[in-house]
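Take a look at the structure below.
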Amino acid sequence: MSTGEAVQAAPARRSLRPLLFGLTVTTVLGLLFGVPWWTLLLAGTHWPTPVVAAGTAVFAMAALAFPVLMFQGHARGKDWASRIADTTLGVMWVLFVWALLGNVLRAALAFGGVADPLRSRITAAAVAVVALVLVLWGYAEAMRVPRVRRVEVVLPRLGKGLDGLKVVLLTDTHYGPIERSRWSAGVTRAVNALDPDIVCHTGDIADGTVAQRTAQAAPLGDIRAKLARTYVTGNHEYYGEAEGWLAHMQHLGWECLHNRHLVVERGGDRLVVAGVDDITASHSRTGHSMDHAAALAGTDPDLPVLLLAHQPKQIDTAVTHGVDLQISGHTHGGQIWPFHYLVRLDQPAVQGLSRHGARTQLYTSRGTGFWGPPLRVFAPSEITELTLRTA
1 MSTGEAVQAA PARRSLRPLL FGLTVTTVLG LLFGVPWWTL LLAGTHWPTP VVAAGTAVFA
61 MAALAFPVLM FQGHARGKDW ASRIADTTLG VMWVLFVWAL LGNVLRAALA FGGVADPLRS
121 RITAAAVAVV ALVLVLWGYA EAMRVPRVRR VEVVLPRLGK GLDGLKVVLL TDTHYGPIER
181 SRWSAGVTRA VNALDPDIVC HTGDIADGTV AQRTAQAAPL GDIRAKLART YVTGNHEYYG
241 EAEGWLAHMQ HLGWECLHNR HLVVERGGDR LVVAGVDDIT ASHSRTGHSM DHAAALAGTD
301 PDLPVLLLAH QPKQIDTAVT HGVDLQISGH THGGQIWPFH YLVRLDQPAV QGLSRHGART
361 QLYTSRGTGF WGPPLRVFAP SEITELTLRT A
């Protein structure tokens, strides 16, 4: 290929990207709305024509309005649009998943000799009832103050003076379009009741600017810790104003571990508490980037290291730098079942404690809040109490 041909080919490929993106989005939306529509209304149910027409109109209007509301909400910052679009997304995901599973039921009923329309009506009713129950339960789970999840982590290099050190982890609070100041205050009360030594927030603090979410974030200023309150950025900070949130958290009295560390001491033994920017930071306009070397510069190599890093997949670099324990969030535990299978394609862990390399352990929280759809289905939120133990 000549140089001229290569130059012509590159713009051609770029010009195809919007088309491919549009086709992908259309296909996904077609499946997301189409599978439940077909299962509930058309698949051998033989509902009366007015029922089919009314149901089809509802699905069609929702499918057409959804991308518009997503754009108005998440691109233009209109909270009312985000609330409707995010809720629609959650409801349709639940309907889509259980419509697929419902068709397995439909096949089983056919094998058992149940004929249409009864077979398809049983399937439609089962899908509708299960989806309704899960949406209502999932909303209650998302909006409640998270339960405390208690985990003991043995760190062989931890000094005896630090045995029993209590680290409380918050992450992915995602203060956003739904006003949750009371929820935030409840989280603060729950954390303070644990009487922690260290409190960590590993990012995705909010969806929106400091000005938009000041009231929801305010209770973070009332969180108490005996030794330190520490914070690192998540990927969502880099969708908005990372510098603004770093400054605001510092204003609230938190230590912002922007590729830096501090050392805490108890009983004559010390622990390095370090933090790195999110892995996506280098793609933002802030000039930030994940830098483990900078975060650990000047530390005593004999001291154990607790590292705050938003995404579990930052663990490989943590292993290289001899970190003892990395704490992360980002995954939400999948948030709405069975989305965790897709998350696992991108991350080395979805939730819980895992080991990486000879020394390094990773704790991945399911998250304190929720992103987007105000639902949590089979992936409960958590406030994590990590108790560090010597060998």
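1 is the number of the first residue of the sequence shown in full-length UniProt numbering; add one for each residue after it. For every residue, glycine included, the Cβ atom is placed at its ideal position computed from N, Cα and C.
At the level of alpha carbons, what is the spacing between T233 and I122? 48 Å
DSSP three-state call for D269: helix, strand or coil? When secondary structure is reduced to three states using DSSP, D269 falls in the strand class.
Kindly list the residues whose CB is nearer than 6 Å to the CB of A206, restricted to its own chain and excluding five residues on each side of it in sequence; keep chain order. Y175 and R213
Going by the DSSP bridge assignment, what does A306 pair with across the sheet? Sequence check: residue 306 is Leu here, not Ala. The partner list for L306 (beta bridge, DSSP) reads V273 and L325.
Give the DSSP-derived three-state secondary structure of G102 in the structure shown. helix
For D222 and A247, I'd like the C-alpha separation in whole angstroms. Distance between D222 and A247, taken at the CA atoms: about 17 Å.
Straight-line Cα distance separating H330 from L345: Straight-line Cα distance between these residues: approximately 14 Å.
Just to confirm the assignment: which complete alpha helix (DSSP H) runs, minimum length 4, are found wholly within the region 158–199? 181–193
For L89, name the three-state secondary structure that DSSP assigns. helix
Cα-Cα, which of P338, G186 and L95 is closest to V129? L95
Which listed residue (Q335, V350, T24 and V343) has its alpha carbon closest to that of W371: The residue with the shortest Cα to Cα distance from W371 is Q335.
Which stretch, first to last residue, makes up the beta strand (DSSP E) that contains V114? For V114, there is no enclosing beta strand (DSSP E), as DSSP marks it with neither H nor E.
Run through DSSP, which three-state label would R285 get? Collapsing the DSSP output to three states places R285 in coil.
Considering Cα atoms alone, identify which of F21, E179, L162 and W38 is closest to A391. Looking at the Cα atoms, L162 is the closest of the given residues.
Three-state class that DSSP yields for S354 in the structure shown: If DSSP states are grouped into helix, strand and coil, S354 belongs with the strands.
Under the assumption that W254 contacts R270 (Cβ atoms under 8 Å), give the Cβ distance between them as a whole number of angstroms. About 21 Å separates the two Cβ atoms, so there is no contact after all.
D195 versus L303 - alpha carbon distance: 25 Å
By the DSSP assignment, the beta strand (DSSP E) with R147 in it spans what residues? R147 to V154
Would you be able to state if there are at least three C-beta pairs under 8 Å between the region 123–142 and the region 281–295? no
Whether G275 touches L227 by CB criterion (9 Å): no
Just curious, the alpha helix (DSSP H) that R119 is in, first and last residue? L118 to M143
If we count the other Cβ atoms within 10 Å of its Cβ and call it buried at 16 or more, is M249 buried or exposed? buried
L342: first and last residue of the uninterrupted beta strand (DSSP E) it sits in: Premise fails: L342 lies in the alpha helix (DSSP H), H340 to R344, not in any beta strand (DSSP E).
Beta-carbon separation of I327 and S365 under 9 Å? yes
State the DSSP-derived secondary structure class of L257, mapped to helix, strand or coil. coil
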